[in-house]
Amino acid sequence: MLWIEERGALETARRALQYCGRIFRYAIATSRAERDPTADLRGALPPVKVKKHFAAVMEPDRVGELLRAMDGYQGTFPVICALRLAPLVFVRPGELRKTEWRYTVTKTDTQHIVPLSWQAVAILRELQPLTGGRRYVFPSARTAHRPMSDNAVLSAFRRMGIPKEDNEWAWIPGHGANDPG
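Put into structure tokens, the structure is as follows:
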């Protein structure tokens with residue numbers, strides 16, 4: 002257990018302790034053990050750090066500022082299209098980047114259907130002559146066989162002057178937050 006804790010995997014160490022406790026409680030119930038030694042370790046592990054959830058842009062002025070910055074971005078066409086499409090579809094950043102032209106099945110074996118506005122369809126139609134013959138709507142700049150990296154979008158925001166530390170911009174693609182409010 003100590004080696005798990007030493008590598009910083011506190012949640013894994015906590016779960017391992019729970020599983021060991023269950024095993025010992027079963028052993029006690031079936032007369033294979035007299036006591037549960039994991040009870041002595043309760044509270045010994047440092048608390049698991051709670052992941053910080055990013056704030057969402059909620060002030061209309063800030064949303065407008067972000068949208069204007071995105072609209073004026075002068076980068077590669079696929080990144081521009083991803084920036085323009087993101088506020089219209091509100092899918093997770095990874096889902097947007099990994100969207101396939103023949104988007105089909107997710108790990109649940111069901112289709113993931115996202116209703117598209119006419120504006121979103123127009124963006125995709127603009128992009129189709131460039132990437133439509135490839136697997137991904139937003140392919141990597143290095144190879145068409147992989148999706149665009151999250152760094153492509155993050156770099157675009159840095160070039161727009163949006164600081165990395167500014168968590169108010171967290172709903173944008175690449176920051177990993179999808180806070181509906």
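Sequential numbering from 2 applies to the sequence shown in my numbering.
Every residue gets a Cβ at the ideal spot worked out from N, C-alpha and C, and that includes glycine.
Could you tell me the alpha carbon to alpha carbon distance between residue i and residue j, rounded to whole angstroms?
i           : j           : result
residue 39  : residue 9   : 20 angstroms
residue 148 : residue 133 : 13 angstroms
residue 137 : residue 29  : 55 angstroms
residue 158 : residue 66  : 12 angstroms
residue 36  : residue 24  : 11 angstroms
residue 86  : residue 156 : 17 angstroms
residue 118 : residue 12  : 41 angstroms
residue 63  : residue 100 : 28 angstroms
residue 96  : residue 34  : 49 angstroms
residue 144 : residue 130 : 17 angstroms
residue 103 : residue 121 : 16 angstroms
residue 14  : residue 45  : 11 angstroms
Tell me the DSSP secondary structure of residue i in three-state form.
i           : result
residue 9   : coil
residue 101 : strand
residue 148 : strand
residue 38  : helix
residue 140 : strand
residue 132 : helix
residue 160 : helix
residue 153 : helix
residue 22  : helix
Whose C-alpha, out of the options, is nearest the C-alpha of residue i?
i           : options        : result
residue 43  : 19, 32, 66     : 19
residue 7   : 47, 33, 22     : 47
residue 161 : 34, 11, 68, 62 : 68
residue 128 : 34, 60, 63, 83 : 83
residue 139 : 70, 81, 34     : 81
residue 154 : 71, 32, 21     : 71
residue 41  : 49, 27, 22, 31 : 22
In chain order, what residues of the same chain have a beta carbon less than 6 angstroms from the beta carbon of residue i, not counting five sequence neighbours either side?
i           : result
residue 106 : Because residue 106 sits at a pLDDT of 49, beneath the cut-off of 50, its placement in the model cannot be relied upon, and the following sentence gives the value as read from the coordinates. So no residue of the chain qualifies.
residue 125 : none
Could you please give the first and the last residue of the uninterrupted alpha helix (DSSP H) stretch that includes residue i?
i          : result
residue 91 : Careful: residue 91 lies outside any alpha helix (DSSP H) and carries neither H nor E.
residue 66 : 61-72
Could you name the residues of the same chain whose beta carbon sits closer than 7 angstroms to that of residue i, not counting the 5 residues immediately before and after it, in chain order?
i           : result
residue 115 : 90, 92
With a threshold of 8 angstroms on Cβ separation, who are the neighbours of residue i within its own chain once the five nearest residues in sequence on each side are excluded?
i          : result
residue 50 : 11
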